[in-house]
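Residues in the sequence shown are numbered consecutively from 441, following the numbering used here.
For each residue, glycine too, the CB sits at the ideal point set by N, CA and C.
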Amino acid sequence: FTSTPVLTVNEDSVYTYNISVTDEDNQINEIISSTLPNFLNLTDNKNNTATLTGTPLQANLGDNQVVIVAKDSSNGISNQSFVISVSNVNDLPVFTSTPVLTVNEDSVYTYNITVTDEDLSDNVIISSSTLPSFLTLTDNGDNTAILTGIPLQSDLGDNLVIITATDSFGGITNQSFIINVSN
Numbered sequence: 441f442t443s444t445p446v447l448t449v450n451e452d453s454v455y456t457y458n459i460s461v462t463d464e465d466n467q468i469n470e471i472i473s474s475t476l477p478n479f480l481n482l483t484d485n486k487n488n489t490a491t492l493t494g495t496p497l498q499a500n501l502g503d504n505q506v507v508i509v510a511k512d513s514s515n516g517i518s519n520q521s522f523v524i525s526v527s528n529v530n531d532l533p534v535f536t537s538t539p540v541l542t543v544n545e546d547s548v549y550t551y552n553i554t555v556t557d558e559d560l561s562d563n564v565i566i567s568s569s570t571l572p573s574f575l576t577l578t579d580n581g582d583n584t585a586i587l588t589g590i591p592l593q594s595d596l597g598d599n600l601v602i603i604t605a606t607d608s609f610g611g612i613t614n615q616s617f618i619i620n621v622s623n
């Protein structure tokens, strides 16, 4: 092996290692893997080079063992063993609920909000930056919230709502929608 592996990568970023080998007998080596994390793919270019590439996800955080094998036509074998360390990157919260977009005047409006965060240790705070006066937002403290209220005659028409999910690392996701109040 004449190439040096890349040993670190951030979660959700593309990992690429351009592999090259030489052979004193000038033979073309088959380049394969005997140990490979599931996020990686190895492509043998059939010219003593190969490409190891992939994108690690949350499940791949930490150390990932890799063993690349170069094998020539005379059954000469050489291994390159290394560990790829995948670092965590803060993932933004994701709204998994769909807002209710219509309500009749003098009727109860209810939207049960749910969010997830790939960083399972994150506690997400749900708040609102834009809220019609007839609505109240209550964060339940468990990545859910409830938006509820009763619109009146003065609330007829389109009402902009912006709900904000903020994780413990400062990652912010907004969900914007319009509630149409009918007469």
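Quiz item: Looking at the unbroken beta strand (DSSP E) that takes in residue 454, where does it start and where does it end?
Solution: Counting along the chain, residue 454 falls outside any beta strand (DSSP E), and DSSP gives it neither H nor E.
Quiz item: Per DSSP, residue 510 is paired with what?
Solution: In the DSSP output, where bridge partners are listed per residue, residue 510 has 471, 518.
Quiz item: Which residues in the same chain have their Cβ closer than 7 Å to the Cβ of residue 494, if we skip the five residues on either side of it in sequence?
Solution: The residues 455, 479, 480, 481, in chain order, have a CB closer than 7 Å to that of residue 494 in the same chain once the five nearest residues on each side in sequence are set aside.
Practice problem: Kindly list the residues whose CB is nearer than 6 Å to the CB of residue 521, restricted to its own chain and excluding five residues on each side of it in sequence; keep chain order. | Solution: By the criterion of a C-beta distance shorter than 6 Å, residue 521 is surrounded in its chain by 507, once the five residues flanking it on both sides are discounted.
Quiz item: Does the beta-carbon distance from residue 526 to residue 492 come in below 9 Å?
Solution: Not a contact, by the Cβ cut-off of 9 Å.
Quiz item: residue 616 bridges to which residues according to DSSP?
Solution: In the DSSP assignment, residue 616 is bridged to 602.
Exercise. Compute the Euclidean distance between the alpha carbons of residue 600 and residue 567, then round it to the nearest angstrom.
Key: Near 14 Å, if we compare the C-alpha coordinates of residue 567 and residue 600.
Quiz item: Using a Cβ-Cβ cut-off of 6 Å (strictly less than) and excluding sequence neighbours within five positions of residue 564, which residues of its own chain qualify?
Solution: The residues are 533, 555, 557, 583, 605, 607.
Quiz prompt | residue 587, buried or exposed, once every other Cβ within 10 Å from all chains shown has been counted against 16 | solution = That one is buried.
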